[in-house]
Amino acid sequence: MATRLVQVNMKAQDDSVLGRFWAEALGWGIDSEGPGVTNLEPVGFAYPDPAAVCIDIITRPEPKTVKNRVHLDLATTSTAHQAELVARLKDLGATLADVGQGDVPWTVMADPEGNEFCVLEPRPVYRDTGPIAAVVVDCADPRAMARFWDGAMDWTLHEAADDHATLRSARGVGPYLEFVRTNDAKSVWNRVHLDVAPYRGDDPAAEGARLRALGATDPGIDQSAISWTVLADPEGNEFCLLSPR
Numbered sequence: 037m038a039t040r041l042v043q044v045n046m047k048a049q050d051d052s053v054l055g056r057f058w059a060e061a062l063g064w065g066i067d068s069e070g071p072g073v074t075n076l077e078p079v080g081f082a083y084p085d086p087a088a089v090c091i092d093i094i095t096r097p098e099p100k101t102v103k104n105r106v107h108l109d110l111a112t113t114s115t116a117h118q119a120e121l122v123a124r125l126k127d128l129g130a131t132l133a134d135v136g137q138g139d140v141p142w143t144v145m146a147d148p149e150g151n152e153f154c155v156l157e158p159r160p161v162y163r164d165t166g167p168i169a170a171v172v173v174d175c176a177d178p179r180a181m182a183r184f185w186d187g188a189m190d191w192t193l194h195e196a197a198d199d200h201a202t203l204r205s206a207r208g209v210g211p212y213l214e215f216v217r218t219n220d221a222k223s224v225w226n227r228v229h230l231d232v233a234p235y236r237g238d239d240p241a242a243e244g245a246r247l248r249a250l251g252a253t254d255p256g257i258d259q260s261a262i263s264w265t266v267l268a269d270p271e272g273n274e275f276c277l278l279s280p281r
């Protein structure tokens, strides 16, 4: 058994407004499961497929209070494309953000609800990822996080070092999942988190048990009213184990 990363879940004050921003930013289509839920995926996409990690935006009343521990890095093909994308995102409502990055070749921005993301300078490694180059997770120990997620998913571990680690779908398509060492400790429930799913025919309960054996924990919340399972990785970052599709 194994899981695969299928989407990034974002909480929002207004899911429809934030959904329109990200749909325009990525050139993706918009769908909805109902009030308070906006789903984003590439036009013509057949979910789930590692060629893209989708975005699920859920309305929640709690405001954002700290820097997110999970963010998106956007890919560009040239310095001109990077400048054009930054300008277009500003027109859509994004702002420049300072998270202490200093003088770097990428541009740190925030979406209309303050969620940080980066517009990267052109890098050959991301030439075939699509608009999202990577889903990035802040952590204290990238090596340990890579061990957990390498066991949790059927993705391929490309690199693991003291300051960063990288995985990608075994098919060599779609965005990377990256872990970057930071000194910031997790202090609140993550407003942006990972959603993983087993494969069709796999037993979600058995998969949940397998993830716990790898080091996942239960966050101690009432889950009686939901059809998925909320877990936390070894550093306490919440993630959801969805039903297989």
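When we follow our numbering, the leftmost residue of the sequence shown carries the number 37, and every step to the right adds one. Don't be surprised by glycine CBs; every beta carbon is placed ideally from N, CA and C. These figures come from a predicted structure and were not determined experimentally.
Under DSSP, the beta strand (DSSP E) around residue i begins and ends at which residues?
i	result
P234	V228 to P234
Which residues share a DSSP beta bridge with residue i?
i	result
H107	V172
R204	T192 and Y212
R40	A233
Taking Cβ to Cβ, would you say residue i is nearer than 8 Å to residue j?
i	j	result
A170	E214	yes
P178	A196	yes
A91	G72	Note on residue identity: the sequence assigns Ile, not Ala, to residue 91. Cβ atoms of I91 and G72: not closer than 8 Å.
R246	P280	no
E243	L278	no
V173	T39	no
Return the chain-ordered list of same chain residues with a C-beta closer than 7 Å to the C-beta of residue i, the five sequence neighbours on each side being excluded.
i	result
G150	K100
F81	A88
W142	C154, V155, L156 and E157
A206	D190, W191 and T192
Only counting the same chain, and skipping five residues up and downstream in sequence, which positions put a Cβ closer than 8 Å to that of residue i?
i	result
V228	V44, N45, M46, K47, N104, R105, V106, H107 and N151
G187	L250
E274	W225, N226, H229, P255, V266, L267 and A268
R204	W191, T192, H194, G210, P211, Y212 and L213
In whole angstroms, give me the CA-to-CA distance for residue i and residue j.
i	j	result
K131	L125	First, the residue type needs correcting, since residue 131 is Thr and not Lys in the sequence shown. Looking at the two C-alpha atoms, the distance is approximately 8 Å.
G129	R159	26 Å
A176	V135	17 Å
G138	V144	10 Å
With residue i as the anchor, note down where its alpha helix (DSSP H) starts and where it stops.
i	result
A61	D51 to L62
G244	P240 to L250
V122	T115 to L128
Looking only at its chain, what residues have a beta carbon closer than 6 Å to the beta carbon of residue i, apart from the 5 residues adjacent to it on each side?
i	result
V209	P86 and A87
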